[in-house]
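A.B. asks:
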Amino acid sequence: MQHSALINVMIAAARKAARTLKRDFGEVENLQVSLKGPGNFVTAADRKAEETLKTELIKARPGYGFLGEESGTTAGTDPSNTWIVDPLDGTTNFLHGIPQFAISIGLERSGTVVAGVIYNPITDELFVAERGKGAFLNDRRLRVAARKQLGDSVIACGLPHLGRGDLELGLRELSAIQSKVAGLRRFGAAALDLAFVAAGRLDGYWERNLQPWDMAAGILLVREAGGFVTDLDGNSDGMFTKRHIVAGNETIQRELQTLLKAAA
Ligand code: 2AM
Ligand code: CA
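121 is the number of the first residue of the sequence shown in this note's numbering; add one for each residue after it.
1) State buried or exposed for Gly252, treating a residue as buried only when at least 16 other CB atoms are found within 10 Å of its CB.
2) Ile119 by DSSP, collapsed to three states: which one?
3) Would you give the residue range spanned by the beta strand (DSSP E) that Ala235 belongs to?
4) Please go through the same chain and pick out, in chain order, the residues whose beta-carbon is closer than 7 angstroms to the beta-carbon of Leu379, but skip the five residues on each side of it.
5) Taking only the alpha-carbon atoms, compute the straight-line gap between Asn258 and Leu208 and give it to the nearest angstrom.
6) Do the region 186 to 201 and the region 160 to 174 touch if we need at least three Cβ pairs shorter than 8 angstroms?
7) Rounded to a whole number of angstroms, what is the C-alpha to C-alpha distance between Asp198 and Tyr184?
8) Return the Cβ separation of Gly308 and Ser224 in integer angstroms, given the expectation that the two are a contact with Cβ distance under 8 angstroms.
9) Quick check on Lys174: buried or exposed, where buried means 16 or more other Cβ atoms within 10 Å of its Cβ?
10) In chain order, what are the residue ranges of uninterrupted alpha helix (DSSP H) at least 4 long that sit wholly in the region 249 to 303?
11) Going by other Cβ atoms of all chains shown within 10 Å of its Cβ, with 16 needed for buried, is Leu340 buried or exposed?
12) What separation, rounded to the nearest whole angstrom, lies between the Cα atoms of Gln220 and Thr212?
13) Cβ of Leu227 within 9 angstroms of Cβ of Ala235?
14) Curious, which full-length alpha helix (DSSP H) runs of at least 4 residues does the region 130 to 190 contain?
15) What does the Cβ neighbour count give for Gln269, buried or exposed, with the cut at 16 atoms within 10 Å?
16) By DSSP, does Gly320 sit in helix, in strand, or in coil?
17) Given the structure, does Thr211 come close to ligand 2, in the sense that its CB is under 8 angstroms from one of the ligand's heavy atoms?
18) Would you identify the three-state DSSP class for Asn369, choosing helix, strand or coil?
19) Taking the alpha helix (DSSP H) that Asn213 belongs to, which residues open and close that run?
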């Protein structure tokens with residue numbers, strides 16, 4: 121598969137950071153039995169992965185700005201290009217030895233995400249999208265699922281939990297959706313949830329309280345796979361400011377958005 125030079129830079133950075141992340145994940149699996157748990161170790165793994173990504177991406181494109189979950193904003197000399205990076209999406213899964221986590225790299229150009237790479241080091245699944253050029257899993261072209269009935273659909277969501285989010289609202293949203301779908305899932309890694317929508321594994325997905333680095337690459341993947349993404353109010357460019365998202369094919373996305381809006 122021939123990718124652009126830009127995508128090759130992103131893939132190389134992701135693979136490099138993934139090598140240490142994968143090694144650290146093996147260690148985390150061993151630490152589950154210790155009373156203290158692997159908390160500090162995971163924080164260090166997360167930071168190390170972001171450092172690798174930042175170094176590699178800035179080396180390849182020196183002027184670009186950088187926004188990372190761990191290090192925040194680093195301005196570049198080129199104000200129109202910014203990397204939006206999550207070195208470890210699905211931190212809680214990683215911490216518990218659950219192999220559902222990923223590195224997510226997006227490139228925002230003049231307010232639009234134009235390239236995205238999401239990589240799960242454990243499954244070795246590499247999701248890639250470039251604006252106008254489609255979405256791919258490893259070398260296979262991706263299309264969102266074609267299901268038109270919510271009753272046939274498997275939908276993923278994020279859920280409020282201890283210390284995060286509005287639990288009552290989360291319950292209202294769940295009860296609005298769960299009786300209408302073939303299955304509800306909660307995987308815990310937003311970037312992979314979006315990648316799964318792009319791959320047609322999930323028919324739809326929604327979540328609140330997300331950050332731009334959780335969503336940037338995934339939004340492009342879904343759209344390049346023919347899907348639709350908006351915030352929960354139905355705006356197609358409000359996700360980064362409102363911090364919520366709903367994705368799916370045209371029909372399922374609209375139906376989910378309408379039901380969730382009514383439940384809010
Ligand atoms: P993270 O693993 O990088 O923190 C889980 O519902 C999803 O929400 C994950 O993609 C997780 O990303 C994201 N998320 C964003 N902010 C979070 C927070 N403060 N606590 C837990 N998950 C968060
Ligand atoms: Ca994240």
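Note that beta-carbon positions come from the ideal geometry of N, C-alpha and C, so glycine has one too.
As the structure is a prediction and not an experimental result, all values here were calculated from the model.
C.D. replies: Reading from the atomic positions:
1) Counting from one through the sequence shown, the residue named residue 252 turns up at place 132. Of the residues assessed, Gly252 falls on the exposed side of the cut-off, its CB having fewer than 16 other CB atoms within 10 angstroms.
2) This structure leaves residue 119 out entirely; the chain is present only between 121 and 384.
3) Residue numbering aside, residue 235 sits at position 115 when the sequence shown is read from its first letter. Element bounds for Ala235: Thr232 to Asn240.
4) To locate residue 379, count along the sequence shown from 1; it is residue 259. Excluding the 5 residues flanking it on each side, Leu379 has same chain C-beta neighbours closer than 7 angstroms at Ala296 and Ile297, in chain order.
5) Locating residue 258 in the sequence shown gives position 138, where the first residue counts as 1. Locating residue 208 in the sequence shown gives position 88, where the first residue counts as 1. Each residue's Cα considered, the two are about 20 angstroms apart.
6) The answer is yes - the region 160 to 174 touches the region 186 to 201, with three or more Cβ pairs under 8 angstroms.
7) For the purposes of this step, residue 198 is taken as the residue at position 78 of the sequence shown. For the purposes of this step, residue 184 is taken as the residue at position 64 of the sequence shown. Rounded to whole angstroms, Asp198 to Tyr184 spans 5 angstroms at the Cα level.
8) On the sequence shown, residue 308 is found 188 positions in, with the first residue counted as 1. On the sequence shown, residue 224 is found 104 positions in, with the first residue counted as 1. 14 angstroms between Cβ atoms; not a contact.
9) The residue labelled residue 174 in the question sits at position 54 within the sequence shown. Buried, since its Cβ has 16 or more Cβ neighbours within 10 Å.
10) With a minimum length of 4 residues, the continuous alpha helix (DSSP H) runs that stay inside the region 249 to 303 are 287 to 298.
11) Within the sequence shown, the letter at position 220 stands for residue 340. Sixteen is the threshold: when 16 or more other Cβ atoms of the shown chains lie within 10 Å of the Cβ of Leu340, as they do, the residue is buried.
12) The residue given as residue 220 occupies position 100 in the sequence shown. The residue given as residue 212 occupies position 92 in the sequence shown. Straight-line Cα distance between these residues: approximately 10 angstroms.
13) On the sequence shown, residue 227 is found 107 positions in, with the first residue counted as 1. On the sequence shown, residue 235 is found 115 positions in, with the first residue counted as 1. Closer than 9 angstroms, so yes.
14) Runs found: 159 to 180.
15) Your numbering for residue 269 matches position 149 in the sequence shown. The residue in question, Gln269, is exposed, as its Cβ has fewer than 16 Cβ neighbours within 10 Å.
16) As a first step, residue 320 must be located in the sequence shown, where it is residue number 200. Of the three classes helix, strand and coil, the one that applies to Gly320 here is coil, per DSSP.
17) Numbered from 1 along the sequence shown, position 91 holds the residue referred to as residue 211. Remark: the shortest separation between the CB of Thr211 and any heavy atom of ligand 2 falls under 8 angstroms.
18) One-based indexing of the sequence shown puts residue 369 at position 249. When secondary structure is reduced to three states using DSSP, Asn369 falls in the coil class, being assigned neither helix nor strand.
19) By one-based count along the sequence shown, residue 213 stands at place 93. Residues Thr211 to Leu215.
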